[in-house]
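FYI, in our numbering the residues of the sequence shown are 821 to 1327.
Just so you know, even glycine gets a beta-carbon here, dropped at the ideal spot from N, CA and C.
The structure displayed is predicted, hence computed values, not measured ones.
Data block below; observations after.
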Amino acid sequence: MSLGMGQPVPAHHKCKHSLRLQQQRPSRCLINASKPVITRVGKLEPHDAVAPSTASAVDAVVHDGRLPFLQTLLQFAKPNAYAQKVLAGHRYAWGKMGLAYEDALFVADPAAARSLLTAEWQNGIRTEWPPTFKALLGEQSISILQDPQLHSKLRQVMGPTFSAEAVAGLMPGVQQTVAKHVGRWAQQDSFAAYPAARLLTFDVLVNQALGLGMDDDELAHFAKVFKQWGDGFMPPGIDLPFTAFGKGMAARREMTARVQQSLRDPDLGEGVVQRLRDEFGADSQVASDNVIVLMFAGYDTTSSAITYMLNQLALNPHVLEQMRQEQAAVQAQHGNQLTPAAVAAMPYTTAVVKETLRTAQVIGYVPRVATQALKVPGGGPELQSGCPFIVALGAMAASDPAAAAAAVSAAGQGSPDSQAGTVQDFRPERWLQPELAKSLALHQAPFGMGAHYCLGSQLAMAELTAVLAELARSYSLTADTDTDWPDFPIKRPANGLPCTLRRLATA
Ligand code: HEM
């Protein structure tokens, strides 16, 4: 799901003081701000990866990452990059957020972030969405609702569809859908990867995961409706027929009507839609809001990741080559089906999926608000009730010393492609090095953490794996990778990523 940092926070949750007051007296959001700001102390160092922060007075020091007004505009096009700029390599930073230019705490300490999000309901932490998100997703959707019992019930009802076992059962359909779309891509001289990946993930979602039974025409129509709906999330959210938000709301009404048609269908097959209906009733808003939120959460995110993966493969042909060898061995032993045993026999391909998610940072941050006074665990600062904060997943991932360590070790071995040696280098093999596992597990959280941990992570991994297997087994790939990647409302290539696929003579 894409999350909006560059969005106004509702007034009742704002820290009320101005920037000028912030600089003159202790912040309402940050009790320890009266201490002197010593930015060096809070900086993430490589040893932090293996020794997560423990209670310590010095950790409470927060970097002052408040940027000049013009620089805060970066949050609207590249909020993940903005969060990293505010943090500037520190565990915690005090930065500006949203149209209203509010103060928020940015958190990049992996242990503290995990601890905060794991117990978020108990700690009075809530997801904090701007009004456009609430209106477009629905007040009763799992991401928006503020009732812990209903949240837990929804996870129980929807979870079984997305468990590892259930996704293994969906895999034949996912694999078939992927083969159909990739085959169509290869029939064109060139195709734009981003819209093509969107159509693929929409197909998987509505027909495999949700069982809504859309044919190609309806699929193409609702993919457009969905785009119109997605465009509505951009602020300022004025509900008129000609504004993006107004058109988004019209799209939501059309989607709700289509979802309700399935909910009321007596022949509806087994699955998550049927379970929502049985639990909450065919006409309930809880059921329809949560079918829609599943589409929202699973569509843009996965298509963004697939597109970024194609970009990385085009830039790193040796990775595709290495997967080809692995896939040939897997096919020889397990046949063509991506059974659990076959997937378990492809560690390098799985490492490519993980490295894609690490470098793509599809969701670079998750926004929250403290609804009661809160001490950030592990010696972090204190927040007062009403203070917004951002868990900066992207900054955390980028501070992972395992990334830099792999680059350094590859350079030491004289690897030909190791000159750059930065954490952004695409090196799937880092996931196969046992000595880096602890650090990667601590810092990499592409699917979030804790109470709101991504419900569809297994499905997303399955889709990425199926695309990689299909490409490596049967196609060569080139792409125009010379493009910018804005990341709001979702990370995507400005040029759509024109690609060419050719079927291998041996396929
Ligand atoms: C690469 C693809 C994906 C990424 C990177 C991703 C990432 C995330 C993240 C970071 C969160 C946590 C948000 C928060 O803490 O506020 C989340 C939540 C969620 N995701 Fe995903 N996701 C992906 C694919 C999917 C798919 C395929 C589905 C299902 C079809 C899905 C369903 C959900 C749902 C329902 C939630 C809300 C869970 C809750 O609030 O309890 N996601 N996702």
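In the DSSP assignment, S1296 falls within the unbroken beta strand (DSSP E) covering 1295-1299.
Under the DSSP definition of a beta bridge, L1321 partners with L1297. Here DSSP, grouped into helix, strand and coil, assigns R1018 to helix. Around the beta carbon of K916, 16 or more other beta carbons lie within 10 angstroms, which makes this residue buried.
Between G1089 and G1031, the gap from beta carbon to beta carbon is short of 8 Å.
Shortest Cα-Cα distance from D967 to any of D1087, A1193, V1092, W941 involves W941. Bounds of the beta strand (DSSP E) holding W914 are 912-917.
P888 counts as exposed, since fewer than 16 other C-beta atoms from the protein chains shown sit within 10 angstroms of its C-beta. In the three-state reduction of the DSSP assignment, L893 falls in the coil class. If you compare the alpha carbons of T1242, K1195, G1206 with that of A1218, the shortest gap goes to T1242.
A straight-line Cα-Cα distance of about 10 Å links G1184 and K898.
The ligand HEM never approaches V994 closely enough for any of its heavy atoms to be under 7 Å from the residue's Cβ.
N1156 sits exposed, since fewer than 16 C-beta atoms from the chains shown fall within 10 Å of its C-beta. Contact annotation, V1026 with A1286: C-beta distance approximately 17 Å; criterion of less than 8 Å not satisfied.
If you look at R1095, you'll find it in the alpha helix (DSSP H) that goes 1092-1100.
At a Cβ-Cβ threshold of 8 Å, S1108 and L1133 do not count as neighbours.
A straight-line Cα-Cα distance of about 11 Å links I1210 and L907. In terms of Cβ geometry, A1171 and E1249 form a close pair [threshold 8 Å]. Rounded to whole angstroms, E985 and M991 show a C-alpha spacing of 10 Å.
The beta-carbon separation of A1280 and T1122, rounded to 5 Å, stays under the 8 Å limit for a contact. In this structure, the straight-line span from the alpha carbon of I1310 to that of L1213 is close to 15 Å.
Taking 8 Å as the cut-off, the beta carbon of T1179 is found no closer than this to the beta carbon of L1284. The three-state reading of DSSP puts I1126 in helix, counting H, G and I together. For V1189, the enclosing beta strand (DSSP E) begins and ends at 1186-1190. Secondary structure at V1182: coil, using DSSP grouped into helix, strand and coil. In this structure, T981 and G1091 form a Cβ contact; the two beta carbons are roughly 6 Å apart against a cut-off of 8 Å.
Inclusion of L1114 in the 7 Å shell around the ligand HEM follows from its C-beta lying nearer than that to a non-hydrogen atom of the ligand. DSSP places D1035 outside both helix and strand once states are collapsed to three, so it counts as coil. Looking only at R1097, I945, L1039, the smallest Cα-Cα distance to S1205 is reached by I945. The distance from the Cβ of P1306 to that of Y1014 is about 12 Å, inconsistent with a contact at the 8 Å cut-off. Counting only the Cα atoms, A933 lies some 27 Å from M1129. Assigned with DSSP and collapsed to three states, K1195 falls in strand.
Fully contained in the region 952-995 is no beta strand (DSSP E) run of length 3 or more. Relative to the ligand HEM, the beta carbon of S1294 is positioned no closer than 7 Å to any heavy atom.
Looking at the DSSP output, V1111 sits in no beta bridge, so it has no partner there. If you draw a straight line from the Cα of Q1244 to the Cα of D884, it is about 25 Å long.
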